[in-house]
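Going by the working numbering, the sequence shown opens with residue 3, and the numbers climb by one from there.
Right, one structure below, let's go through it.
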Amino acid sequence: MRQNIVVTTPSYRDFKNILILVKKIRKILPESKIIIVDDSPRDENLKLQKIIKNYKNILLVSRQIKSGRGSAVIEGFKEALKNTSVEYFFEIDSDLAHNPSEMPRFLNKIITKKYDVIIGSRYIKGGKTINIILSRIILSRIINIFLRFWLNIKLNDFTGGFRLYSRKSIEFLSDINLKANGFIMLSETIFLLHRNNFKKGEVPITVSIKKMGNQMLMLKNLLIPYFS
(Lines of atoms letter the chains of each structure in order from A and count residues from 1; the text may use other names and numbers.)
(Lines give C-alpha, C1' and ligand atoms only; values in the text may rest on other atoms or scores of the structure.)
Protein backbone atom coordinates (compact mmCIF):
# COMPACT_ATOMS: atom_id res chain seq x y z
CA MET A 1 0.00 0.00 0.00
CA ARG A 2 1.42 3.40 -0.99
CA GLN A 3 -0.53 5.86 1.14
CA ASN A 4 2.60 7.92 1.82
CA ILE A 5 2.96 9.13 -1.80
CA VAL A 6 1.65 12.27 -3.49
CA VAL A 7 1.72 12.82 -7.24
CA THR A 8 1.60 16.46 -8.35
CA THR A 9 0.92 17.45 -11.94
CA PRO A 10 0.75 20.98 -13.38
CA SER A 11 -2.03 21.39 -15.92
CA TYR A 12 -2.80 23.98 -18.57
CA ARG A 13 -5.57 23.11 -21.02
CA ASP A 14 -4.80 19.42 -20.56
CA PHE A 15 -8.24 18.33 -19.34
CA LYS A 16 -8.46 15.77 -22.16
CA ASN A 17 -5.31 14.08 -20.89
CA ILE A 18 -6.01 14.20 -17.15
CA LEU A 19 -8.45 11.29 -17.05
CA ILE A 20 -5.99 9.09 -18.93
CA LEU A 21 -3.17 10.15 -16.61
CA VAL A 22 -5.22 9.59 -13.45
CA LYS A 23 -6.21 6.08 -14.56
CA LYS A 24 -2.58 5.21 -15.28
CA ILE A 25 -1.41 6.52 -11.90
CA ARG A 26 -4.20 4.70 -10.07
CA LYS A 27 -3.21 1.45 -11.77
CA ILE A 28 0.37 1.74 -10.50
CA LEU A 29 -0.13 3.59 -7.20
CA PRO A 30 -3.78 3.02 -6.22
CA GLU A 31 -3.43 4.51 -2.74
CA SER A 32 -1.50 7.62 -3.69
CA LYS A 33 -2.96 11.11 -3.51
CA ILE A 34 -3.02 13.14 -6.72
CA ILE A 35 -2.80 16.93 -6.74
CA ILE A 36 -3.62 18.74 -9.97
CA VAL A 37 -2.63 22.41 -10.13
CA ASP A 38 -4.59 23.84 -13.03
CA ASP A 39 -3.98 27.20 -14.70
CA SER A 40 -6.58 26.74 -17.44
CA PRO A 41 -9.28 29.33 -18.19
CA ARG A 42 -12.53 28.92 -16.26
CA ASP A 43 -14.42 27.01 -18.97
CA GLU A 44 -11.72 24.37 -19.30
CA ASN A 45 -11.19 24.25 -15.56
CA LEU A 46 -14.89 23.43 -15.11
CA LYS A 47 -14.50 20.55 -17.57
CA LEU A 48 -11.61 19.27 -15.50
CA GLN A 49 -13.69 19.49 -12.32
CA LYS A 50 -16.36 17.32 -13.92
CA ILE A 51 -13.79 14.76 -15.06
CA ILE A 52 -12.26 14.18 -11.64
CA LYS A 53 -15.32 14.52 -9.40
CA ASN A 54 -15.92 10.78 -9.36
CA TYR A 55 -12.40 9.98 -8.18
CA LYS A 56 -11.37 9.84 -4.55
CA ASN A 57 -8.15 11.22 -3.11
CA ILE A 58 -7.68 13.84 -5.84
CA LEU A 59 -7.24 17.53 -5.03
CA LEU A 60 -7.72 20.14 -7.73
CA VAL A 61 -6.03 23.49 -7.14
CA SER A 62 -7.62 25.95 -9.58
CA ARG A 63 -5.58 29.08 -10.28
CA GLN A 64 -7.25 30.03 -13.61
CA ILE A 65 -4.31 32.17 -14.68
CA LYS A 66 -1.18 30.93 -16.39
CA SER A 67 1.49 31.42 -13.74
CA GLY A 68 4.15 28.96 -14.88
CA ARG A 69 4.85 25.27 -14.55
CA GLY A 70 7.40 25.76 -11.79
CA SER A 71 5.14 27.70 -9.47
CA ALA A 72 2.34 25.20 -10.09
CA VAL A 73 4.49 22.28 -8.97
CA ILE A 74 5.73 24.13 -5.89
CA GLU A 75 2.15 25.08 -4.95
CA GLY A 76 1.14 21.44 -5.26
CA PHE A 77 4.04 20.34 -3.09
CA LYS A 78 3.23 22.90 -0.41
CA GLU A 79 -0.32 21.59 -0.33
CA ALA A 80 0.98 18.02 -0.04
CA LEU A 81 3.28 18.95 2.86
CA LYS A 82 0.21 19.64 4.99
CA ASN A 83 -0.22 15.87 5.27
CA THR A 84 2.54 14.80 7.65
CA SER A 85 2.28 11.15 6.61
CA VAL A 86 3.48 11.87 3.07
CA GLU A 87 7.09 10.81 2.53
CA TYR A 88 7.51 10.80 -1.25
CA PHE A 89 6.56 13.50 -3.75
CA PHE A 90 6.29 12.79 -7.48
CA GLU A 91 6.01 15.43 -10.16
CA ILE A 92 4.86 14.40 -13.62
CA ASP A 93 3.68 16.30 -16.70
CA SER A 94 -0.01 16.26 -17.55
CA ASP A 95 0.50 16.01 -21.33
CA LEU A 96 1.14 12.24 -21.19
CA ALA A 97 4.81 12.68 -22.09
CA HIS A 98 5.69 10.53 -19.06
CA ASN A 99 4.57 6.99 -18.30
CA PRO A 100 3.41 6.32 -14.71
CA SER A 101 4.30 2.63 -15.17
CA GLU A 102 7.91 3.72 -14.55
CA MET A 103 7.15 5.08 -11.07
CA PRO A 104 8.15 1.88 -9.20
CA ARG A 105 11.66 2.31 -10.61
CA PHE A 106 11.90 5.72 -8.93
CA LEU A 107 10.57 4.41 -5.62
CA ASN A 108 12.90 1.46 -5.55
CA LYS A 109 15.96 3.66 -6.03
CA ILE A 110 14.98 6.42 -3.60
CA ILE A 111 14.19 3.88 -0.88
CA THR A 112 17.08 1.43 -1.33
CA LYS A 113 19.76 4.06 -2.00
CA LYS A 114 18.32 6.69 0.36
CA TYR A 115 18.37 9.47 -2.22
CA ASP A 116 16.67 12.84 -1.77
CA VAL A 117 15.67 13.27 -5.42
CA ILE A 118 15.41 10.86 -8.34
CA ILE A 119 15.34 12.33 -11.84
CA GLY A 120 13.77 10.53 -14.76
CA SER A 121 16.48 10.73 -17.42
CA ARG A 122 16.25 10.45 -21.19
CA TYR A 123 20.01 10.57 -21.49
CA ILE A 124 21.32 7.58 -19.55
CA LYS A 125 21.44 3.94 -20.61
CA GLY A 126 17.88 2.69 -21.07
CA GLY A 127 16.38 6.16 -21.49
CA LYS A 128 15.05 7.56 -24.74
CA THR A 129 12.82 10.12 -26.42
CA ILE A 130 10.27 9.24 -29.08
CA ASN A 131 7.83 11.17 -31.29
CA ILE A 132 10.10 14.18 -31.73
CA ILE A 133 12.22 15.33 -34.65
CA LEU A 134 15.96 14.71 -34.51
CA SER A 135 16.96 18.39 -34.54
CA ARG A 136 15.06 19.05 -31.34
CA ILE A 137 16.51 15.98 -29.65
CA ILE A 138 19.98 17.25 -30.53
CA LEU A 139 19.22 20.74 -29.21
CA SER A 140 17.82 19.33 -25.95
CA ARG A 141 20.92 17.17 -25.58
CA ILE A 142 23.19 20.17 -26.12
CA ILE A 143 21.31 22.16 -23.46
CA ASN A 144 21.72 19.35 -20.93
CA ILE A 145 25.41 18.87 -21.70
CA PHE A 146 25.87 22.62 -21.29
CA LEU A 147 24.14 22.49 -17.89
CA ARG A 148 26.21 19.51 -16.76
CA PHE A 149 29.45 21.42 -17.33
CA TRP A 150 28.21 24.87 -16.33
CA LEU A 151 26.73 23.72 -13.01
CA ASN A 152 29.43 21.08 -12.51
CA ILE A 153 26.87 18.46 -11.47
CA LYS A 154 27.26 14.87 -12.61
CA LEU A 155 23.75 14.40 -13.95
CA ASN A 156 22.51 13.94 -17.50
CA ASP A 157 18.97 15.36 -17.63
CA PHE A 158 18.35 18.72 -15.97
CA THR A 159 15.23 19.69 -17.90
CA GLY A 160 12.93 16.69 -17.46
CA GLY A 161 9.80 17.08 -15.35
CA PHE A 162 9.36 13.48 -14.17
CA ARG A 163 10.91 13.33 -10.69
CA LEU A 164 10.55 11.90 -7.20
CA TYR A 165 11.56 13.84 -4.09
CA SER A 166 11.96 12.94 -0.43
CA ARG A 167 10.02 14.93 2.14
CA LYS A 168 13.23 16.53 3.41
CA SER A 169 14.07 17.92 -0.03
CA ILE A 170 10.55 19.28 -0.59
CA GLU A 171 10.55 20.96 2.83
CA PHE A 172 13.82 22.62 1.85
CA LEU A 173 12.56 23.79 -1.57
CA SER A 174 9.30 25.13 -0.15
CA ASP A 175 11.18 27.35 2.30
CA ILE A 176 13.39 29.15 -0.21
CA ASN A 177 12.66 31.86 -2.74
CA LEU A 178 13.17 30.26 -6.13
CA LYS A 179 14.19 32.76 -8.80
CA ALA A 180 12.86 30.83 -11.77
CA ASN A 181 9.26 29.99 -12.54
CA GLY A 182 8.74 28.00 -15.74
CA PHE A 183 10.69 25.00 -16.98
CA ILE A 184 13.97 26.62 -15.96
CA MET A 185 12.97 25.93 -12.34
CA LEU A 186 13.74 22.27 -13.01
CA SER A 187 17.42 23.16 -13.37
CA GLU A 188 17.39 25.63 -10.49
CA THR A 189 15.96 23.13 -8.01
CA ILE A 190 18.63 20.57 -8.90
CA PHE A 191 21.35 23.17 -8.50
CA LEU A 192 20.06 24.25 -5.08
CA LEU A 193 19.66 20.69 -3.85
CA HIS A 194 23.18 19.89 -5.03
CA ARG A 195 24.65 22.98 -3.36
CA ASN A 196 22.99 22.00 -0.08
CA ASN A 197 24.29 18.40 -0.17
CA PHE A 198 21.10 16.57 -1.02
CA LYS A 199 21.70 13.18 -2.61
CA LYS A 200 20.69 12.91 -6.27
CA GLY A 201 20.16 9.99 -8.64
CA GLU A 202 18.73 9.18 -12.08
CA VAL A 203 16.64 6.40 -13.54
CA PRO A 204 16.06 5.80 -17.27
CA ILE A 205 12.69 6.80 -18.70
CA THR A 206 11.04 6.98 -22.11
CA VAL A 207 9.57 10.37 -22.97
CA SER A 208 6.98 10.66 -25.72
CA ILE A 209 6.62 14.28 -26.73
CA LYS A 210 3.81 15.44 -28.99
CA LYS A 211 4.74 19.09 -28.79
CA MET A 212 7.74 21.00 -27.55
CA GLY A 213 8.32 24.55 -26.41
CA ASN A 214 10.86 26.99 -27.83
CA GLN A 215 14.17 25.38 -26.91
CA MET A 216 16.18 28.40 -28.09
CA LEU A 217 14.26 30.59 -25.64
CA MET A 218 15.07 28.07 -22.92
CA LEU A 219 18.76 28.24 -23.81
CA LYS A 220 18.64 32.05 -23.65
CA ASN A 221 17.03 31.91 -20.21
CA LEU A 222 19.74 29.58 -18.97
CA LEU A 223 22.20 32.41 -19.37
CA ILE A 224 20.37 34.54 -16.83
CA PRO A 225 22.37 34.34 -13.57
CA TYR A 226 19.81 32.41 -11.52
CA PHE A 227 22.57 30.40 -9.89
CA SER A 228 24.87 33.14 -8.68
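All C-beta atoms in this analysis are idealised placements derived from N, C-alpha and C, irrespective of residue type, glycine included.
When DSSP labels each residue in this structure, what does Phe17 get in the three-state scheme? Phe17: helix per DSSP, three-state reduction.
Cβ shell of Leu61 (< 8 angstroms), same chain only, five flanking positions each side left out: Lys35, Ile36, Ile37, Ile38, Glu81, listed in sequence order.
How is the alpha helix (DSSP H) around Val75 delimited, first residue to last? If you look at Val75, you'll find it in the alpha helix (DSSP H) that goes 71–83.
Check for me: the beta strand (DSSP E) holding Arg165 runs from which residue to which? It spans 165–168 - the beta strand (DSSP E) in which Arg165 sits, taken as one unbroken run.
The region 164–171 contacting the region 141–151, beta-carbon criterion three pairs below 8 angstroms: No, because fewer than three Cβ pairs between the region 164–171 and the region 141–151 fall closer than 8 angstroms, the two stretches do not touch.
Would you call the CB atoms of Val205 and Glu104 closer than 9 angstroms? Closer than 9 angstroms, so yes.
So what does Ile132 bridge to, in DSSP terms? For Ile132, which the question treats as bridged, DSSP gives the partners Ser210.
So what's Leu219 in DSSP terms, helix, strand or just coil? With a pLDDT of 46 at Leu219, under the threshold of 50, the modelled position of that residue is not reliable, and the figure given next carries that caveat. DSSP places Leu219 in helix when its eight states are reduced to three.
Beta-bridge partners of Pro106, as assigned by DSSP: Per DSSP, Pro106 has no beta bridge partner at all.
So which of Leu21, Leu98, Met187, Gly203 has the shortest CA-CA distance to Asn133? When only C-alpha atoms are compared, the closest one is Leu98.
Could you give the C-beta distance for Ile54 and Ile20, rounded to a whole number, given that I count them as a contact under 8 angstroms? Yes, Ile54 and Ile20 are in contact; Cβ-Cβ is about 7 angstroms, under 8 angstroms.
Beta-carbon separation (whole angstroms), Leu83 vs Glu173, contact threshold 8 angstroms: Sure, about 7 angstroms apart at Cβ, within 8 angstroms.
With DSSP run on the structure shown, which of helix, strand or coil describes Lys52? Of the three classes helix, strand and coil, the one that applies to Lys52 here is helix, per DSSP.
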